[in-house]
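If you want this note's numbering, it's the 1-based position in the sequence shown plus 542.
Only one structure is covered here, and it is reproduced in the block below.
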Amino acid sequence: MSISVDLSSKTALVMGVANARSLGWAIAEQLLAAGCRVGFSYQGERLKGELDKLLAGKEGVWAQQADATSEDDLTALFARVKAEFGTLDMLVHSIGFAPRSAMDGRFVDTTPEDWNTALSVSAYTLVSTARHAEPLLNAGGSIVSLTYHASQQVVPKYNVMGVAKAALEAATRYLASEMGAAGVRVNTISAGPMRTIAARSIPGFGAMYEKAAAAAPLGRNATPEEVGKLALFLLSDLGSGMTGQTVYVDAGASIMTMKVD
Ligand code: NAP
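Given below as structure tokens:
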């Protein structure tokens with residue numbers, strides 16, 4: 543059976559593509575394949591070259607620098623969205639960061655600075671980008687972000703990032719409750735471990751990646767392509783009845799407490 547999704551009359555903004563391994567890019571690939579017009583934002587000029595390479599030869603795409611923690615950058619970014627598209631159907635928030643110092647040590651030693659940085663970048667920016675997007679979002683619009691199971695259970699070294707992801711998931715529910723009246727849905731995808739730049743900054747990620755695969759019912763980790771396909775479902779009309787949800791794509795790893803061979 544094949545289901546084809548036609549997004550040729552739709553527009554999307556994808557925030558947080560660092561390179562070809564980024565989950566934001568895996569989602570963008572699905573949107574582009576469905577004919578969607580897609581704008582991108584990237585944090586710093588350092589990443590512009592990588593994004594330029596990915597976008598080379600693609601029609602209907604554009605990119606603009608925006609630090610998601612900067613109100614001025616968000617104002618300029620959504621002015622660009624309005625100028626390019628007029629209105630917006632989909633917003634992808636694929637942004638997360640916690641200082642390495644907050645993940646190397648004990649959770650109890652988290653400094654206020656590291657706490658504020660992690661929660662501001664990884665959770666509050668979903669709220670601020672939703673606020674900026676709201677006037678442009680069409681009825682039937684959809685917002686998707688990325689979270690991780692460390693919000694629900696302790697994952698060693700994830701520390702303050704687990705708290706930030708819990709805040710992101712709660713923010714998803716509050717945003718969904720407010721934006722539903724305008725026909726806009728807000729969901730978050732809880733992805734299993736994937737080898738991206740952000741993941742490499744987590745101490746011991748390699749071992750965690752192997753353990754998650756071994757414990758998962760499917761005997762492997764989920765793939766970025768599978769994250770992209772779930773995002774396509776949630777962003778398009780296929781997911782029209784779903785809002786406020788944290789939806790897992792992790793080969794089932796999160797249902798297991800342990801696996802005995
Ligand atoms: P990634 O490729 O490194 O993407 C993270 C993006 O966030 C980067 O483009 C990064 O830009 C951007 N970013 C950080 N701070 C920002 C800011 N202030 N303003 C704008 N952009 C900012 O890694 P990823 O794994 O795809 O991460 C995407 C999302 O998936 C994150 O929310 C992450 O927590 C989540 N996630 C990842 C995994 C995994 O195992 N990889 C699992 C579950 C959930 P810079 O490179 O310039 O910092």
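Idealized CB from N, CA, C, for every residue including glycine.
No experiment lies behind these values; they were computed from the predicted model shown.
For residue i, the three-state DSSP class (helix, strand or coil)
{"i": "Val802", "result": "coil"}
{"i": "Val580", "result": "strand"}
{"i": "Val603", "result": "strand"}
{"i": "Ile797", "result": "helix"}
{"i": "Lys707", "result": "helix"}
{"i": "Asp487", "result": "Beyond the ends of the chain as shown, which are 543 and 803, falls residue 487; an answer cannot be given."}
{"i": "Thr714", "result": "helix"}
{"i": "Ser782", "result": "coil"}
{"i": "Thr738", "result": "coil"}
Any non-hydrogen atom of the ligand NAP closer than 7 Å to residue i Cβ
{"i": "Ile569", "result": "no"}
{"i": "Thr617", "result": "no"}
{"i": "Pro641", "result": "no"}
{"i": "Ala560", "result": "yes"}
{"i": "Ser664", "result": "yes"}
{"i": "Arg633", "result": "Residue identity differs from the one stated: residue 633 is Leu in this sequence, not Arg. False, no ligand heavy atom lies under 7 Å from that Cβ."}
{"i": "Gln585", "result": "yes"}
{"i": "Ser636", "result": "yes"}
{"i": "Met645", "result": "no"}
{"i": "Asp614", "result": "no"}
{"i": "Asp609", "result": "yes"}
{"i": "Thr689", "result": "yes"}
{"i": "Thr738", "result": "yes"}
{"i": "Ser670", "result": "no"}
{"i": "Ser693", "result": "no"}
{"i": "Ala741", "result": "yes"}
{"i": "Arg673", "result": "no"}
{"i": "Arg563", "result": "yes"}
{"i": "Gly566", "result": "yes"}
Cβ pair residue i, residue j closer than 8 Å
{"i": "Gly734", "j": "Gln572", "result": "no"}
{"i": "Leu593", "j": "Ala605", "result": "yes"}
{"i": "Val714", "j": "Ser687", "result": "The sequence as given places Thr at residue 714; Val does not occur at that position. Yes, they are a contact pair."}
{"i": "Val789", "j": "Ser732", "result": "yes"}
{"i": "Met632", "j": "Ala554", "result": "yes"}
{"i": "Ser664", "j": "Ile637", "result": "yes"}
{"i": "Phe649", "j": "Asn701", "result": "yes"}
DSSP beta-bridge partners of residue i
{"i": "Ile731", "result": "Leu688 and Val789"}
{"i": "Leu633", "result": "Leu555 and Ile685"}
{"i": "Leu679", "result": "Leu630"}
Could I get the ranges of all uninterrupted alpha helix (DSSP H) runs contained in the segment 640 to 669, with 4 residues as the minimum, in chain order? 643 to 646 and 654 to 661
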